[in-house]
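Residue numbers (my numbering): 4 to 125. For every residue, glycine included, the Cβ atom is placed at its ideal position computed from N, Cα and C.
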């Protein structure tokens, strides 16, 4: 992603342990469940979306499809070593039935929809 200010990317994967906010670009959004496809090529490290405290995904509004069948028709799993559908902050109530947000991933997820350029379709 290009913008008016440089974003710092860690050189050492161990630096991800202190990652507070990750901003990345999604490829396909799914209307039926709110999931967004993040391939490895769009994140600094494949573990980053799971280690950050807050995940922000920028998504082209023309890249939203109706359901998972349409999403899988759009993505190329054979072109990436890794990819993940992200659908919200993780949560669990496994330990003593107490709800914990962010136990297995980010505590918050924000999807920023940006308008498609004129004449383009996701």
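Under the three-state reduction of DSSP output, residue 69 falls in the coil class, being neither helix nor strand. When Cβ pairs closer than 8 Å are counted between the two stretches, the stretch 57–73 is seen to touch the stretch 15–29, the count reaching three or more.
A straight line joining the alpha-carbon of residue 20 with that of residue 56 spans about 10 Å. Between residue 103 and residue 94, the alpha-carbon positions lie close to 5 Å from each other. In this structure, residue 38 places its C-beta atom within 7 Å of the C-beta atom of residue 90. When the alpha-carbon of residue 41 is set against those of 100, 120, 88, the nearest one is in 88. With fewer than 16 other Cβ atoms inside 10 Å of its own Cβ, residue 120 counts as exposed. For residue 22, no alpha helix (DSSP H) encloses it, and the DSSP letter there is neither H nor E. Per DSSP, the unbroken beta strand (DSSP E) holding residue 88 starts and ends at 86–89.
Nearest to residue 35 by C-alpha distance, out of 72, 51, 47, 50, is 72. In the three-state reduction of the DSSP assignment, residue 54 falls in the helix class.
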